[in-house]
Amino acid sequence: MNSSVRTTCPYCGVGCGVLATPGGASIGIAGDPLHPANAGRLCSKGSALGETVGHEGRLLAPQVLKKTTDWDTALCTVAEGFRRIIGQHGADAVAFYVSGQLLTEDYYVANKLMKGYIGSANIDTNSRLCMSSAVAGHIRAFGEDVVPVSYADLELADLIVLVGSNTAWCHPVLYQRIVAVKARRPALKIVVVDPRCTPTGASADLHLPIQAGSDVMLFNGLLSFLSARGCEDREFIRAHTEGAARALDVAHDTSGSVAEVAGVCGVSPDTLAEFYELFARTPRVVTLFSQGVNQSSCGTDKVNSIINCHLLTGRIGRPGAGPFSITGQPNAMGGREVGGLATSLAAHLDLGNAEHRALVQEFWQSPRIAAAPGLKAVDMFEAIHGRRIKAVWIAGTNPVVSLPNANRARAALERCELVVVSDCVAETDTTALAHVLLPAAAWGEKDGTVTNSERCISRQRAFVQPPGEARPDWWIFCEVAKRLGFGSGFSFRTPHEIFLEHARLSATRNQGSRAFDLGALGSLTSAEYDALEPARWPLEREPFRDGRYSHPNGRARFVPTAPRAPMHATDSEYPLVLNTGRIRDQWHTMTRTGRSARLMQHAPEPYVDVHAQDAQLAGVCAGELVQVTTRWGSMVARLRCSGETGRGTMFVPMHWNSQFAGDARVGSLVNPAVDPLSGEPEFKHTPARIAPFVVAWQGFVLSRRPVPIRDATAWSFTPGPHCRRYELAGRRVFSDWSLWAKRMLGPDVSNWQWIEYSDRSIGVYRAALLHEGRLEACLFLSPRPDLPLRTWLSSLFAKPTLDRRDRLSVLAGQPARAGADAGAIVCSCFSVGSGTIRAAVRELRLTTTGQVGQRLRAGTNCGSCLSEIAAIIAAEQSGETSGQSRGVIDSGVEATAPAVSS
Ligand code: SF4
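Set out below in structure tokens:
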């Protein structure tokens, strides 16, 4: 029997422990019951990890100018290109753009190479896009980038405030941990502050749907309120902080009464007063925040406005209390530790401090050290566009999809003299533009460490060999460094050796001045490193428990935060606010989770979620294709009116790339405004509009084999368990649909059976292709989006043959039996659809998620879908049906009336 390898999940910042058990062609995946982050739980994405580790689509060999080559040739090409450009234009003419997906050891050598050997600080990371405002806020307040809370504090808190965080979908295991505490201890209060009514609100006692961008006003108002109520911890403020008076003055001057704050924030005064009272009377408060706070042109001020409230009340550095920034990526925190941001130095040292720079240079024995901050992500790509940066190495990230104003990022790379991309995936929007492609090892093939949101360092361990020529990222960076003539600093043979250097640097001349100190791990043997158990830094204490902060005088600083409006206001041309973010079952740009057919079923198509009245004003209905447009770009998506978005706002998932949809990279629509301090982009506030996407026909193809997409103005692709699904829409009308369909589905099918139905009077065409009675493909076209049920049709591909009734029902476009359609997948773990759940709730009179779990297993594994099951139960109890207010259409998109294709 194969033994399990203890490793960590490569997705979100919860950092769950995973037991991976290789077994022939498959990998068994389970939660690690001994890992402190998850105690055996995994969410839907983590549970599906085994489905994403195959070699299909992998980059297997180095390439130079699209031609496969050997490693030495590729590495020399990179080194020669960088050397030439540095020689001609200086060190700041080159850049690295790396990723929170890298392991700490990869990150460490990349940062060392750029800052200590090349001599520029032009290394930035995609973590800039998700938590750099928290980093800047921590440094301003604490003197160091330290998260002063751990997951255990959530279990001790009496009030948890979730701000700008759809924790239920984006950090599901942590959310389930909160839900479990609430179940054990109903007195725990949960407040959600979010413009959207997301599934996270399901277990909240209070939801504040504030106006996008009004967070600073909300927390300034709270600071003022706390002061007026006499909630200050005067002894704590006197002994451990500075700047309280000034911050309070600014808060008083800019906020006003509860009613005035409520007016600006767009919430009811009673609700706001309830929140303020709750905060005021609850000593143990954790304020947990993520991208809704950070991704803003005033993100750093938002962070500090939250921290100010905790400093004023002394609710920090104590059990069950503190501000808690949770990171989006598995190793965003590790990247911060090694100085992977253009604005920081390794080991939490300060790039702006000459003594710190000298310390690092001396420790590294490096020929030089970057003297000034480098360019942050958005500025870096602007510099590439302006040809000030002439060579860029992109490692483990897909900026052509994920950056704001992403079409400009693509244009920048098209203009760049040398684009090097190291990645494990062969075809992405970014690898398409590379001059040199370097095949990197993927999750399951790499060894090293990651640090999660609560500062817990865990081992990521390899359990399979990298395929082809793929190599770990640390090795690739070291080999290029050697070819640049820096062999002495990069002679590492293992990640263990890199980790030891990283740990020792953190302890150098530290003496308690920096909380980040891994000195105790600096002499681990190889065996000890291999066996390293999860360890939270600071290693022997909780941060700030002694009231000493990392500023030179040991005090925490209040930061005055005057509210600022988002950079770009809505107007009559762009009247809605576009907000982007994650959905439950996808990760980043879908290069990995998109490979899991199971995960793709929850939301198979790109969608935009808009308030029903805004949709009506724009002349569009739920279920239709719409065009979303901003000043920076446009995209096509299916319209959803779930009720989650308020008037004047819209939400679009961030994930779709050009491999999964023809025109749905939402990054190309996002404005490029950034926070002036952190450089974090304003992903949550771009003025936008929606309009009908006018086409002559819409349709879809389900097929066992890949289908070349022809003549479609818009398309999306979804892998499924039994067949591929292609959603199509077009403007060109063909006189002979049958001929067109046969051409598209393949020329080699003449001996297969083709059955079809056509009604030219209403423009409907349906066809199915069978081979020896088995369904091979089917195609449906109509002028309207009222197309047959995809989930029901997909289920027919599981049958060995179609009987006569099945064939007739395919051509009729509806199941012969009622209840044959499972509906859009709600529970990914057990593939339970909304139709199945709804029918069970109705027929068996189920009233709780537990009862649904007992009957259908739905929600009994990872629990990520529990809030959706609860919503279905509530809808059934209130008499709503699939054709009414929150129907789930079979494409996985929730629609308001009229329900489409369900
Ligand atoms: S919550 Fe899910 S995605 Fe995040 S680390 Fe855990 S299993 Fe992975």
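Numbering (the numbering used here), first residue to last: 1 to 902. Backbone N, C-alpha and C define an ideal beta-carbon position, used for all residues, glycine too.
- For the pair residue 296 and residue 326, the CB atoms are not nearer than the 9 Å cut-off.
- Looking at 687, 673, 718, the one whose alpha-carbon comes closest to that of residue 656 is 718.
- CA-to-CA, the gap between residue 384 and residue 377 works out to about 11 Å.
- Near ligand 1, meaning a beta-carbon closer than 5 Å to one of its heavy atoms, we find 9, 11, 12, 14, 16, 42, 43, 45, 46, 172, 173.
- Fewer than three pairs of CB atoms, one per stretch, sit closer than 8 Å, so the region 160–170 makes no contact with the region 241–256.
- Here residue 765 has 737, 758, 781 as same chain residues with Cβ atoms under 6 Å from its own Cβ, once five neighbours each way along the sequence are excluded.
- Between the region 73–85 and the region 362–381, the count of Cβ pairs shorter than 8 Å is below three; the stretches do not touch.
- Residue 644 counts as buried, since at least 16 other C-beta atoms from the protein chains shown sit within 10 angstroms of its C-beta.
- In this model, residue 237 and residue 206 are separated by some 29 Å (Cα to Cα).
- For residue 700, the enclosing beta strand (DSSP E) covers residues 697–703.
- At a Cβ-Cβ threshold of 9 Å, residue 216 and residue 115 do not count as neighbours.
- Counting along the chain, residue 839 sits inside the alpha helix (DSSP H) bounded by residues 834–844.
- Distances from the alpha-carbon of residue 743 to those of 701, 530, 61 put 701 closest.
- In summary, residue 153 is buried, with 16 or more beta-carbon neighbours lying within 10 Å of its beta-carbon over all protein chains present.
- Beyond the five residues adjoining it in sequence on each side, residue 440 comes within less than 8 Å, by CB distance, of 59, 395, 396, 422, 423, 424, 470, 471, 472, 473, 476 in the same chain, given in chain order.
- In the DSSP secondary-structure assignment, residue 635 is bridged to 628.
- When C-alpha distances from residue 537 are compared across 557, 567, 506, the shortest belongs to 506.
- Non-local C-beta neighbours of residue 724 in its own chain, meaning closer than 6 Å and more than five positions away in sequence, comprise 703, ordered along the chain.
- For residue 217, the enclosing alpha helix (DSSP H) covers residues 215–228.
- Remark: C-beta atoms of residue 828 and residue 44 approach each other more closely than 9 Å.
- Shown here, residue 671 sits in coil according to DSSP, grouped into three states, outside any helix or strand.
- Within the same chain, and ignoring the five residues on either side of residue 176 in sequence, the residues whose Cβ sits closer than 7 Å to its Cβ are 41, 863.
- The beta carbon of residue 686 is closer than 6 Å to those of 578, 630, 670, 671 in its chain, skipping five residues each way along the sequence.
- Check the Cα spacing between residue 457 and each of 402, 499, 485: the tightest is with 499.
- Counting C-beta atoms within 10 angstroms of its own C-beta, residue 239 has fewer than 16 neighbours from the protein chains shown and is therefore classed as exposed.
- The three-state secondary structure of residue 431, taken from DSSP, is helix.
- Secondary structure of residue 115 (DSSP, three-state): helix.
- In the assembly as shown, residue 405 is a buried residue. Its beta-carbon has 16 or more other beta-carbons within 10 Å.
- Taking a contact as a CB-CB distance under 8 Å, the pair residue 649 and residue 204 does not count as one, their CB atoms being some 19 Å apart.
- Counting of Cβ neighbours within 10 angstroms places residue 68 among the exposed residues, the total staying below 16.
- If you ignore the 5 residues before and after residue 12, its C-beta comes within less than 6 Å of the C-beta of 171, all in its own chain and listed in chain order.
- In the assembly as shown, residue 762 is an exposed residue. Its beta-carbon has fewer than 16 other beta-carbons within 10 Å.
- Between residue 809 and residue 815, the gap from beta carbon to beta carbon is short of 9 Å.
- At a Cβ-Cβ threshold of 9 Å, residue 525 and residue 495 do not count as neighbours.
- Its chain contains 108 as the residues whose beta carbon lies nearer than 6 Å to that of residue 502, once the 5 sequence neighbours on both sides are disregarded; these appear in chain order.
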